[in-house]
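In full-length UniProt numbering, the protein residues as written are 1 to 274.
Now the structure itself:
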């Protein structure tokens, strides 16, 4: 009876979920070396990997079951992205480590939800004295930002912000060892963007209703990772970011942090191994 009830509960969760257009889930066989299999001449799914510093991939990316939200049972592992004093890409002065969807699907039409979970720790914590652009699109029609925004008064800013077109719409304080779960609610047809949010294992709820925006994507410009602006200074200390539950779906939204493939992988550890 217990197994039957579990199956019914799983079916109910899946029934509420939308159609998955693309996912960046890390299965048990995915390793850091897997990222290096991608190239412009070998564009294998699900991730593009080219925006990073000159060091080995292992300096900037790492995958582990300890790096995912423990509530996420749709994938076996999460990914840690790192920026440091070597993370300068293509001669730029911005520190960058970013992975991007590799897909043939159209991720820029209709009413879609872009999901991800993000965590930091006290070890290699983000520096609040610099502007960080997080999980952004190339046109920056929507994104997260953390730290002292370029041109802002003061020396530090502890807030994590969600922006539309560069204007803050919602904020929270970034607390170490807390999983922040997000879904960008993007209506490409209606030209609006909203935000769904929760922490830990709590289901997503809409925290900002859809507002006018100029959403656009070529399906290969959603940057999962961090771009840190120099803000007139430098600091070579490493910063780590933990990610899981990264996928794009058509409406209706999957609100469970277990994900759209709930139960396909075991729950994660509550530690990060740092």
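Here a beta-carbon is modelled for each residue, glycine too, at the ideal position from N, C-alpha and C.
{"Item": "Below 8 Å on the Cβ atoms is my guess for residue 239 versus residue 21; work out the distance and round it to an integer in Å.", "Value": "Rounded, the Cβ-Cβ distance is 30 Å, inconsistent with contact."}
{"Item": "Which two residues bound the contiguous alpha helix (DSSP H) that contains residue 175?", "Value": "Note, residue 175: premise wrong, no alpha helix (DSSP H); not H, not E."}
{"Item": "Which value, in whole angstroms, describes the spacing of the CA atoms of residue 300 and residue 138?", "Value": "Residue 300 is absent from the structure shown; the chain starts at 1 and stops at 274."}
{"Item": "Quick one: residues in its chain with C-beta nearer than 6 Å to the C-beta of residue 178, no 5 flanking neighbours on either side, listed in chain order?", "Value": "199"}
{"Item": "Considering residue 35, what are the terminal residues of the alpha helix (DSSP H) in which it resides?", "Value": "32-35"}
{"Item": "Touch check for the region 73-91 and the region 150-165: three-plus C-beta pairs under 8 Å?", "Value": "no"}
{"Item": "Does chain D have any CB closer than 9 Å to the CB of residue 199?", "Value": "Here chain D cannot be found, since the structure has a single protein chain."}
{"Item": "Quick one: grab the DSSP three-state call for residue 168.", "Value": "strand"}
{"Item": "To the nearest angstrom, how far is the alpha carbon of residue 78 from that of residue 71?", "Value": "12 Å"}
{"Item": "State the Cα-Cα distance for the pair residue 129 and residue 61, rounded to the nearest angstrom.", "Value": "23 Å"}
{"Item": "On a Cα-Cα basis, can you pick out the residue from 101, 190, 188, 56 that is closest to residue 82?", "Value": "56"}
{"Item": "Please give me, in chain order, every unbroken run of the beta strand (DSSP E) with length at least 3 that falls completely inside the region 186-221.", "Value": "192-199, 205-212"}
{"Item": "Among 261, 31, 227, which has the Cα closest to the Cα of residue 53?", "Value": "227"}
{"Item": "Any contact between the region 146-156 and the region 205-219? By contact I mean 3 or more CB pairs, one from each, below 8 Å.", "Value": "no"}
{"Item": "On the DSSP bridge list, what partners appear for residue 183?", "Value": "115, 196"}
{"Item": "Which residues bound the beta strand (DSSP E) around residue 50?", "Value": "47-51"}
{"Item": "Rounding to the nearest angstrom, what Cα-Cα distance links residue 141 and residue 37 in this structure?", "Value": "31 Å"}
{"Item": "In the DSSP assignment, find the beta strand (DSSP E) that holds residue 247 and state where it starts and stops.", "Value": "239-250"}
{"Item": "Can you have a look at residue 13 and say buried or exposed, based on whether 16 or more other CB atoms are within 10 angstroms of its CB?", "Value": "Note that residue 13 scores 45 on pLDDT, short of 50, meaning its location in the model is unreliable and no value can be drawn from it."}
{"Item": "Between the alpha carbons of residue 69 and residue 244, how many angstroms are there, rounded?", "Value": "6 Å"}
{"Item": "Should residue 167 go down as buried or exposed, given a rule of 16 or more other Cβ atoms within 10 Å for buried?", "Value": "exposed"}
{"Item": "Which residues in the same chain have their Cβ closer than 7 Å to the Cβ of residue 26, if we skip the five residues on either side of it in sequence?", "Value": "63, 75, 76, 77, 78, 79"}
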